[in-house]
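Colleague:
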Ligand code: NAP
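Residue numbers (our numbering): -1 to 276.
(1) Can you tell me which residues form a DSSP beta bridge with residue 8?
(2) Going by alpha carbons, who is nearest to residue 126 out of 132, 154, 149?
(3) Looking at C-beta atoms only, is the number of pairs between the region 204 to 212 and the region 223 to 231 that lie closer than 8 Å three or more?
(4) Indicate whether the contact test is met: 3 or more Cβ pairs, each with one atom in the region 97 to 110 and one in the region 154 to 170, closer than 8 Å.
(5) Only counting the same chain, and skipping five residues up and downstream in sequence, which positions put a Cβ closer than 7 Å to that of residue 68?
(6) Who are the Cβ neighbours of residue 235 in its own chain at under 6 Å, not counting the five residues just before and after it?
(7) Please determine, among 81, 105, 74, 86, the residue with the shortest C-alpha to C-alpha distance to residue 92.
(8) Mind checking which residues open and close the beta strand (DSSP E) that includes residue 186?
(9) Going straight from the alpha carbon of residue 129 to that of residue 246, what length do you get?
(10) Could you say which of 112, 179, 13 lies nearest to residue 137 if we only look at CA atoms?
(11) Along the chain, where does the beta strand (DSSP E) containing residue 138 start, and where does it finish?
(12) Just confirm the distance between the C-beta atoms of residue 61 and residue 8, as a whole number of angstroms; I'd bet it's less than 8 Å.
(13) Looking only at its chain, what residues have a beta carbon closer than 8 Å to the beta carbon of residue 200, apart from the 5 residues adjacent to it on each side?
(14) Could you please give me the residues that DSSP links to residue 169 through a beta bridge?
(15) Could you tell me whether any non-hydrogen atom of the ligand NAP is closer than 6 Å to the CB of residue 131?
(16) Output yes or no for whether 7 Å exceeds the beta carbon distance between residue 21 and residue 270.
(17) Beta carbon of residue 264: closer than 6 Å to some heavy atom of the ligand NAP?
(18) Thinking residue 171 and residue 179 are a contact (beta carbons under 8 Å), I'd like their distance in whole angstroms, please.
(19) For the beta strand (DSSP E) containing residue 262, name the first residue and the last one.
Here you go:
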């Protein structure tokens, strides 16, 4: 029930109609009896949108494509890891200072990917192959390094892969040389295998048995071809919904100071996937 006390949260992006975050956060509020609402918003102008959120009393806002970099120009503070990643996916408006609302930007994508992988293995001292060099790969790669893992990047476009590897201070391995690599885990951060191109697989199947753990950050479909082929070869697998769920859980706790109801949030996300027949 929305009333005069309802706390405001939401997500900004373009487009945001596809976002599963409203189901996840509103499900968590309902489960814990928190009087809050999380709404999708598509600002025509980011600067005006940001100051609107600040003026209207929002407490927490997720930021998605294409605003994750541009939003940084408007913030009072940026968390040091988000600064290193160069992208912010979470805003927290601190309204406890009477004279000024202080907005801090965080990146919880790396927290989500680390926690998802850490459910299956110890990150510190492990060696992880990251497929891809886009926005998600940056967050995943920086996160793994933060956790003390050794990261190796590979990517279809070599120049982009080398750039990211240089920024991370890690090695780049061309796709053709993957057969030479020994690593503990593989994380796919490319969009290969995503609906509607579900037949796609981002690495040759016969290389999968090298890895104890295989994580795909693609979550539609939940069981991508990569995860099915990896499971068939005895790898432990981690689906992309876990990263989404854990990054959302980190946001929830930043905003409310309350431990996130992880099982409820995952159920809400699974419900959304099912409703969309993905
Ligand atoms: P992005 O910045 O556009 O990067 C896309 C990456 O995929 C690039 O490395 C690109 O390689 C590679 N790629 C695309 N098509 C390919 C193909 N046919 N063969 C080989 N490589 C290909 O996208 P992003 O924001 O990083 O997102 C990537 C995926 O992660 C999306 O599916 C997104 O939905 C998912 N994601 C999931 C979560 C989660 O919480 N689970 C969070 C963020 C993103 P090139 O450099 O060669 O183009």
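Even glycine gets a Cβ: it sits at the ideal position worked out from N, Cα and C.
Modeller: On the basis of the data shown:
(1) 37, 59
(2) 149
(3) yes
(4) no
(5) 44
(6) 212, 225, 228, 229
(7) 74
(8) 183 to 186
(9) 23 Å
(10) 112
(11) Run containing residue 138: none in the beta strand (DSSP E); it sits in the alpha helix (DSSP H), 133 to 144.
(12) 10 Å between Cβ atoms; not a contact.
(13) 129, 130, 186, 188, 190, 191, 224
(14) 150
(15) yes
(16) yes
(17) no
(18) 6 Å
(19) Run containing residue 262: none in the beta strand (DSSP E); it sits in the alpha helix (DSSP H), 260 to 273.
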